[in-house]
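Numbering (mature numbering (1 follows the signal peptide of the UniProt record, and there is no 0)), first residue to last: -20 to -1, 1 to 45.
Following this line, the structure appears as structure tokens:
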């Protein structure tokens, strides 16, 4: 009976240590710093003729107090 039990459990003896080891999580690449001096970084750059300078803001109202 002991031989039969060993025969049945032998394949699982090698499987248990393999599943106990998990690989470390992959670290994301570090973010590159944003260069705010570059005009390509800005969507609406102050003083530039771009999409924001042509926007119709007549619908906007600023309420005070």
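Yeah, the Cβ is synthetic: ideal placement off N, Cα and C, and Gly gets one too.
From a predicted model like this one, the values you see are computed outputs, not experimental measurements.
Linking residue 29 to residue 2 through their CA atoms gives a straight-line distance of about 54 Å. The Cβ-Cβ distance between residue 25 and residue 19 falls below 8 Å. Between residue 8 and residue 23, the alpha-carbon positions lie close to 27 Å from each other. Distance from the CA atom of residue 37 to the CA atom of residue 11, rounded to whole angstroms, is 35 Å.
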